[in-house]
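Undergrad: Protein chains in written order, with my numbering: chain A, 1436 to 1549; chain B, 281 to 393. Following this message is one structure expressed as structure tokens.
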Amino acid sequence: GNSVTQMEGPVTLSEEAFLTINCTYTATGYPSLFWYVQYPGEGLQLLLKATKADDKGSNKGFEATYRKETTSFHLEKGSVQVSDSAVYFCALLNGSGNTGKLIFGQGTTLQVKP
Amino acid sequence: NAGVTQTPKFRVLKTGQSMTLLCAQDMNHEYMYWYRQDPGMGLRLIHYSVGEGTTAKGEVPDGYNVSRLKKQNFLLGLESAAPSQTSVYFCASSSNRGSTEAFFGQGTRLTVV
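So this is what it looks like as structure tokens:
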């Protein structure tokens, strides 16, 4: 079946440090891949997405590249800010028989200290 | 500019009580979903709907029922609450056109004592 695995957190970084959050997936067919972010006390919101192999999604300084050969979609940012502190979820949407159901990883908490 | 609205935001129930969570979206989306979020487990799909009058089971449907009588509303019911249903519940909606993003509500924090 379809599944998403993220690195365990929490991840604690100092401001301006480089961020990588690993995400790997298992899926049949050709899924679309997403990163969602959840700020404290809020719902999830889309951060970026990629719909086919080798696509790079980017937003707010974050990037992730859809790597079919390694079934990965790692999230990166070159210089994190305190305001990036949140929970990050990797998710996939399987294209076959699509009903819009997202499969989520367990989430990775990021804490950025000044 | 409401998007997806969930009510209530917080609730405490006693074991065995019933309640209904309401989700409303104003984006004319076909698809709607109910997820629960538990520590270390990400979001798990409870039930979903692909259109008015339709519902289907997700990954963890036991103990929950849903209804989609109107396109804009998706109700989640707990007939007899159990402590294992203590969680944060999120509703989401999305268009039925391709790989579009899902929009989430702010969540309902439910505690069953």
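Heads up, the beta-carbon is just placed ideally off N, CA and C, and yes, glycines get one too. If you're wondering where the values come from, they're calculated on a predicted model, not measured in any experiment.
Consider the Cβ of B/S364: report whether some Cβ of chain A lies at a distance smaller than 8 Å.
TA: no
Undergrad: Hey, A/L1537 and A/P1466 are a contact pair by Cβ (cut 8 Å); roughly how many whole angstroms apart?
TA: Taking 8 Å as the upper bound for CB-CB distance, A/L1537 and A/P1466 are not in contact here, some 10 Å apart.
Undergrad: Name the two residues that bound the continuous beta strand (DSSP E) containing B/A372.
TA: S367 to S374
Undergrad: Quick one: is A/L1527 near chain B, going by C-beta distance under 8 Å?
TA: Answer no: the Cβ-Cβ gap between A/L1527 and chain B never drops below 8 Å.
Undergrad: Give me the chain B residues within the contact set of A/Q1546, using Cβ-Cβ distance strictly less than 9 Å, ordered along the chain.
TA: Close to A/Q1546, with beta-carbon spacing below 9 Å, lies no residue of chain B; the smallest spacing is near 16 Å.
Undergrad: Using the Cβ count rule (16 or more neighbours within 10 Å means buried), how would you classify A/A1462?
TA: A/A1462 is buried by the Cβ-count criterion.
Undergrad: Can you find a C-beta in chain B that's less than 8 Å from the C-beta of A/G1535?
TA: yes
Undergrad: CA-CA distance, B/V340 and B/W314?
TA: 10 Å
Undergrad: Does B/V284 come out as helix, strand or coil in the three-state DSSP assignment?
TA: strand
Undergrad: With DSSP run on the structure shown, which of helix, strand or coil describes B/V330?
TA: coil
Undergrad: Going by alpha carbons, who is nearest to B/A362 out of B/D342, B/L349, B/G387 and B/F370?
TA: B/D342
Undergrad: Any beta carbon of chain A sitting closer than 8 Å to that of B/L302?
TA: no
Undergrad: Could you name the residues of chain B that A/F1539 contacts, counting a contact when the two beta carbons are closer than 7 Å?
TA: The answer, in chain order, is G322 and L323.
Undergrad: Does any residue of chain B bring its CB to less than 8 Å from the CB of A/E1511?
TA: no
Undergrad: Could you say if the stretch 357–377 of chain B and the stretch 299–319 of chain B meet the contact criterion of at least three C-beta pairs nearer than 8 Å?
TA: yes
Undergrad: Beta-carbon of A/Q1480 versus every beta-carbon of chain B: anything under 8 Å?
TA: yes
Undergrad: Does A/S1514 come out as helix, strand or coil in the three-state DSSP assignment?
TA: coil
Undergrad: Near A/D1490, which residues of its chain fall below 8 Å by C-beta distance, leaving aside the five closest residues on each side in sequence?
TA: T1500 and Y1501
Undergrad: Within a Cβ cutoff of 6 Å, which residues of the same chain sit near B/T391, ignoring the five residues on either side of it in sequence?
TA: V292 and T366
Undergrad: Quick one, are the C-beta atoms of B/T335 and B/S347 less than 8 Å apart?
TA: yes
Undergrad: Taking only the alpha-carbon atoms, compute the straight-line gap between A/A1488 and B/N376 and give it to the nearest angstrom.
TA: For A/A1488 and B/N376, the distance between alpha carbons rounds to 22 Å.
Undergrad: What does B/F370 reach in chain A if we use C-beta pairs closer than 8 Å?
TA: G1478 and L1479
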